[in-house]
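Per UniProt numbering, residue 1 is the first one in the sequence shown, and the count goes up by one each step.
Heads up: the structure comes next, in C-alpha cells.
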Amino acid sequence: MKTVHDFSVRMTNGEVKSLKEYEGKPLIIVNTASKCGLTPQFQGLQELYDAYKDSGLEILGFPCDQFNNQEFDNIDETTQFCQLNYGVTFPIFAKVDVNGDKADPLFIYLKEQKKGLLSKNIKWNFTKFLVDQNGQVIERYAPTTEPDKMKHDVEKLLS
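Written out as C-alpha cells, the structure reads:
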C-alpha cells in the first residue's frame with residue numbers, strides 16, 4: 001500500500017529529498033503562499049511546530065503560485081519572507097503546482113486520499129493535510145482552518 005513516505009520532493013536548492021526520512025513522525029503538509037490573505041497562518045503553523053516538534057511533529061511547507069500569483073518568483077525571497085516575518089523554522093520546499101497537468105505527485109496522492117468538500121482539487125492556499133506516523137493521510141483541513149484548530153488531532157497522533 002502506497003504512503004506519503006513513498007514520495008520524494010524537491011528542496012529549495014534543487015536537491016531531492018525522500019519523505020521516507022519522516023517515517024515514524026506525524027506530518028502536516030501544507031501548500032503556502034507569501035502574498036495571500038491567509039499568509040498569517042504561517043504564525044499559527046510555527047506555533048504548532050514549536051509546541052510539538054520535540055514530540056516528533058514535522059510541518060512541510062510547499063509554496064504554490066497557482067492561486068492569483070501570490071508567491072514570489074524567487075524561492076529565496078519566499079524562504080526569507082517566511083523566516084523574517086513569521087519566524088518559520090519548519091522546512092519550506094521548492095515551489096509546486098497542486099492542481100492541473102503539472103501537479104506534484106505528492107499532492108495528487110494527498111488529494112486522492114482526502115477529497116475536499118466539493119471536489120478533490122485544492123481550492124486555495126493553506127490547504128493542510130495531517131499525516132500519521134505510518135504515512136497515511138488522516139485529515140484534510142480547509143484553507144480557512146486556523147492551525148490551532150488542528151491541535152487536538154495532532155495531540156491524538158502523538159499520544
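Backbone N, C-alpha and C fix where the C-beta goes; we use that ideal spot for every residue, glycine too.
Computed from a prediction, not measured in an experiment: that's the story for all the values here.
Straight across, the Cα-Cα distance linking F129 with P63 is about 14 Å. Bridge partners of I122 according to DSSP: none are assigned. Under the DSSP assignment, E58 falls in the beta strand (DSSP E) whose first and last residues are E58 to P63. Here Y49 has I59 and F90 as same chain residues with Cβ atoms under 6 Å from its own Cβ, once five neighbours each way along the sequence are excluded. Annotation: F72 to H5 spans about 28 Å, alpha carbon to alpha carbon. Judged by beta-carbon spacing, E47 lies within the 8 Å limit of P147, meaning their Cβ atoms are closer than that value.
For Y22, no beta strand (DSSP E) run applies, since DSSP gives it neither H nor E.
Residue range P105 to Q113 is occupied by the alpha helix (DSSP H) that includes K111. By the criterion of a C-beta distance shorter than 6 Å, K111 is surrounded in its chain by K120, once the five residues flanking it on both sides are discounted. Sequence-distant Cβ neighbours of T127 in its own chain, meaning closer than 8 Å and more than five residues away, are V30, N31, V98, G116, R140, Y141, A142 and P143. If you ignore the 5 residues before and after V131, its C-beta comes within less than 6 Å of the C-beta of V4, L27 and V137, all in its own chain and listed in chain order.
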